[in-house]
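One structure is given here, and the rest of the page talks about it.
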Amino acid sequence: MSAGYLGAVRSEFTKVRTTRLWWVLLVIMAAYVGLCAGGMAGILGGLGGGANGPVIPDAQLPLLVYSFATSVGYVFPVLFGALAVTSEFRFQSLTPTFLANPRRGVVLGGKATTLLIVGALFGVVALIASIGLGASLLAAFGIDPLLGDPETWAFIGRSVLAMALWSAIGVGLGVLVPSQVAAIVIVLAFTQFVEPLLRLAASFTDWSAQVAQFLPGAASDSLVGASIYTAMSGASAGLDWWQGGLVLVAYAAIATLIGFLTSWRRDVS
Amino acid sequence: MPTGVPIEFSGLTKTFGQVSAVSNLTFTVEPGQVTGFLGPNGAGKTTSLRMLLGLVRPTSGTATFGGTAYAKLDSPLQTVGASLEAASFHPGRSARNHLAVYAQSAGLPKTAPDAALEKVGLSGYGDRRVGGYSLGMRQRLGLAFALLGDPGVLVLDEPINGLDPEGIKWIRLLLRAMAAEGRTVLISSHLLSEVQQTVDDVIIISHGTLVHRGELSSLDTSDTKQVQVNAEDRDRLATVLTEAGYQVSNLRSGVLVENADAATIGRLAFEAGIPLTGLSQKRTGLEESFLTLVGEEGAL
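Chains A and C are the protein sequences, given in the same order.
Just so you know, we're using the numbering used here here: the first sequence kicks off at 1 and counts up by one.
Just so you know, we're using the numbering used here here: the second sequence kicks off at 1 and counts up by one.
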């Protein structure tokens, strides 16, 4: 009896766990998110106490600071998800993978499931970094870090969900673009450069702003409910949180499906 | 004890665009023996094996294990063990973890990776990253993957390539033992001499088509047959054989007799009262027959 889907999930977890990439990326992400959140808490917290008056109301400040977990951290689960797929092509390990389980759709399903969970772990670590540093700095400036507020905990849950979905989008991207170098370039260029510019440009007219809310980063900010981008670009409400989540699900599902139909089913040689 | 099932190729064909890589391969590989799948590099061996294992989709035809395609097997790793030529390892993963990944995927017991490492003599190296393995160790790890599910069928692509003499001897004994247990063993090679001492049957392809199949000895079509024979009193042996009308020449380790068969030479020596210390039929025709079959390109 074949181990099927559960076997595939266990196997994919072992793949993640037994190389160094996962914790290297986690450490870099935690440092990067912590630095951004801590820095912002320091600047805004300091300004808030100053004579020129607050830029952002104290009550909104904590979530804005904590949201660095996703607004700058999301690139890490995407990258990890993409690498989890492209390394199979690069190291030709699809051969033993498909020998152990020839049901390729089940294998890809197991991989997507695994990376969703690993993405959630990235979310938890990113939030520990942003809240750990952010909350203590805010408290030091006498701003309530709102850690007892149910809204904060709902925000945390939505952030973890967003990071999980980003990891699944990475899987979709990896199977759509199996070349490892190309996938890395696309992830970095799109998240760090193309999408921020598109969102900025789109905000100048109403119709383009409507379209831009469906960009993945914008949808993610809607799902999370707070972001430095939305705070800076003004009041555009964007999608509801659940709509943002569905947009991310759609990106992940469509990319994975097309990738499955193309590269994943191709001859392995 | 897992029993082998026959491997059945039926009209197996693969074309890449206009190029025909494999055309209309039909043959059966029987359990209980070692079968060599031979042909020069580029003859289509690896493509055929990848089609057999469900990794490459045939243009037409089928390749099955006792009638079941690889992708339809209930428990593939416990039915068929395969090792393909390309190194399919993540270099940063240890050998034991590499095997654990696939054991879990196939639902094999937790002990399977260590048992497989033990079988190929890598027990002491299981925690080492595969990136630091030598070519010979990678070959052994590939074989450990094939043995992971203790399968009744083994399909190995160039398993001897890269092994040192000790390793070659070891894998020969292992494959012979596997076949003796009733398993089906199919190994590919581009060198007949490499597998000559291991295989019972040969299947030879060239340019993607079957050019010969049969027992190893069926390749020996040459007219000139030689016998190598030795005795303590080598001079007397040579004299006796010359008087019997044979053409003999001295080797460092005996006497080479042209156009002879071992039984006759043995009887002659016995009748002359010469105790022999060695007697063997030389199969000089095998390699030439192989090269003739696969054409000029085969002469690598």
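Don't be surprised by glycine CBs; every beta carbon is placed ideally from N, CA and C.
Treat the numbers as computed from the prediction; the structure is a model and nothing was measured.
One or two residues paired with residue i in a DSSP bridge
i               : result
D157 of chain C : C:S188
V29 of chain C  : C:I7
N230 of chain C : C:G278
L251 of chain C : C:G254
S206 of chain C : C:T209
D201 of chain C : C:T35, C:E215
F87 of chain A  : What sits at residue 87 of chain A in the sequence shown is Ser, not Phe. Paired residues: none, contrary to the question.
A63 of chain C  : C:F9
S20 of chain C  : C:T15
T68 of chain C  : C:F65
For residue i, the nearest candidate out of the options (CA to CA)
i               : options                        : result
P77 of chain A  : A:L108, A:N101, A:V24, A:A37   : A:V24
E288 of chain C : C:L256, C:A71, C:L219, C:A244  : C:L219
A69 of chain A  : A:A189, A:A129, A:V27          : A:A129
G132 of chain C : C:G167, C:H90, C:A21, C:L156   : C:H90
G170 of chain A : A:S263, A:V124, A:L115         : A:L115
W264 of chain A : A:S93, A:S208, A:L127          : A:S93
L83 of chain A  : A:S179, A:E195, A:F214, A:T191 : A:S179
S10 of chain C  : C:V29, C:G245, C:V19, C:P2     : C:V29
L38 of chain C  : C:T47, C:V19, C:A238           : C:T47
V195 of chain C : C:I168, C:I205, C:G214, C:L210 : C:I168
S167 of chain A : A:P196, A:P102, A:W22          : A:W22
P76 of chain C  : C:A95, C:E258, C:A106, C:V248  : C:A106
Q33 of chain C  : C:S253, C:L286, C:R176         : C:R176
S60 of chain C  : C:Y125, C:F16, C:G152          : C:F16
L73 of chain C  : A:T86, A:G123, A:N101          : A:N101
H98 of chain C  : A:S11, A:L188, A:F214          : A:S11
L173 of chain A : A:G259, A:Q60, A:D58, A:G4     : A:G259
V181 of chain A : A:T86, A:L239, A:A140, A:Y251  : A:T86
Alpha-carbon to alpha-carbon, residue j and residue i
i               : j               : result
S189 of chain C : Y74 of chain A  : 49 Å
L110 of chain A : V130 of chain C : Per the sequence shown, residue 110 of chain A should be read as Gly rather than Leu. Cα-Cα distance, rounded: 24 Å.
A31 of chain A  : A41 of chain A  : 15 Å
M178 of chain C : T184 of chain C : 8 Å
T50 of chain C  : Y70 of chain C  : For the sequence presented, residue 50 of chain C should be read as Arg rather than Thr. Taking the straight line joining both Cα atoms gives about 10 Å.
T292 of chain C : A63 of chain C  : 27 Å
V268 of chain A : F155 of chain A : 43 Å
A146 of chain C : S88 of chain C  : 13 Å
L138 of chain A : T97 of chain A  : 49 Å
A88 of chain A  : P62 of chain A  : Reading off the sequence shown, one finds Glu at residue 88 of chain A, where the question assumed Ala. In a straight line, the C-alpha of E88 of chain A is about 40 Å away from that of P62 of chain A.
T262 of chain A : V249 of chain A : 20 Å
F204 of chain A : I56 of chain A  : 22 Å
R104 of chain A : I7 of chain C   : 23 Å
M163 of chain A : G119 of chain A : 5 Å
S227 of chain A : I186 of chain A : 23 Å
S134 of chain C : R140 of chain C : 10 Å
L246 of chain A : D201 of chain C : 60 Å
D221 of chain A : F91 of chain A  : 35 Å
G81 of chain C  : L148 of chain C : 7 Å
V199 of chain C : G36 of chain C  : 6 Å
G245 of chain C : V257 of chain C : 10 Å
A253 of chain A : L154 of chain C : 38 Å
A37 of chain A  : Y66 of chain A  : 6 Å
T239 of chain C : Q247 of chain C : 10 Å
L25 of chain C  : I205 of chain C : 9 Å
M29 of chain A  : A126 of chain A : 7 Å
A8 of chain A   : A21 of chain C  : 33 Å
G45 of chain A  : L147 of chain A : 16 Å
V5 of chain C   : T68 of chain C  : 10 Å
A51 of chain A  : L35 of chain A  : Note that A51 of chain A scores 45 on pLDDT, short of 50, meaning its location in the model is unreliable; the coordinates nonetheless yield the value given after this. Using only the alpha carbons, I get a separation of about 26 Å.
V16 of chain A  : L26 of chain A  : 12 Å
L268 of chain C : T277 of chain C : 14 Å
P196 of chain A : F214 of chain A : 13 Å
R20 of chain A  : L12 of chain C  : 42 Å
L200 of chain A : G136 of chain C : 57 Å
Any non-hydrogen atom of the ligand FAD within 7 Å of residue i CB
i              : result
V16 of chain A : Only the bare structure without any ligand can be found here, which leaves the ligand FAD out of the picture.
Query raised in the report: Could you give the uninterrupted runs of the alpha helix (DSSP H) lying entirely in the stretch 197–258 of chain A, keeping only those of 4 residues or more?
Result: Correct list: 206–212, 216–224, 228–232.
Report task. Output the residue ranges of the alpha helix (DSSP H) runs that lie fully inside the stretch 72–149 of chain C and measure 4 residues or longer, sorted by chain position. Result -> 76–79, 95–105, 112–119, 135–147
Query raised in the report: Of all the residues that make up the stretch 279–295 of chain C, which are near chain A by a beta-carbon distance shorter than 9 Å?
Result: none
Query raised in the report: When Cβ atoms are compared, which residues of the stretch 50–81 of chain C fall closer than 7 Å to chain A?
Result: Here the close residues are R50, L53, G54, L55, V56, R57, Y70, A71, D74, S75, P76, L77.
Report task. Would you mind listing the alpha helix (DSSP H) stretches within the stretch 165–192 of chain A that are 4+ residues and don't spill past its ends, in chain order? Result -> Listed in chain order, the complete alpha helix (DSSP H) runs (minimum 4 residues) inside the stretch 165–192 of chain A are 180–189.
Query raised in the report: Hey, which unbroken runs of the alpha helix (DSSP H) at 4 residues or more fall wholly within the stretch 71–133 of chain A?
Result: If we require 4 residues or more, the alpha helix (DSSP H) runs fully inside the stretch 71–133 of chain A come out as 75–90, 94–100.
Requested in this report: Using a Cβ-Cβ cut-off of less than 7 Å, list which residues of the stretch 6–33 of chain A approach chain C; keep chain order.
Outcome: Answer set for the stretch 6–33 of chain A: G7, A8, R10, S11, T14, K15, T18, T19, R20.
Query raised in the report: Between the stretch 17–47 of chain C and chain A, which residues of the former have CB atoms less than 9 Å from a CB of the latter, in chain order?
Result: T46, T47
Query raised in the report: Which residues, taken in chain order from the stretch 98–110 of chain A, show a beta carbon closer than 7 Å to some beta carbon of chain C?
Result: Going along the stretch 98–110 of chain A in chain order, one finds F98, L99, A100, N101, P102 with a Cβ nearer than 7 Å to chain C.
Report task. Please list the residues of the stretch 102–114 of chain C that have a C-beta atom closer than 7 Å to any C-beta atom in chain A, keeping them in chain order. Result -> Y102, Q104, S105, A106, G107
Query raised in the report: In the stretch 83–95 of chain A, which residues sit with their C-beta less than 7 Å from some C-beta in chain C, listed in chain order?
Result: S87, F91, Q92, S93, T95
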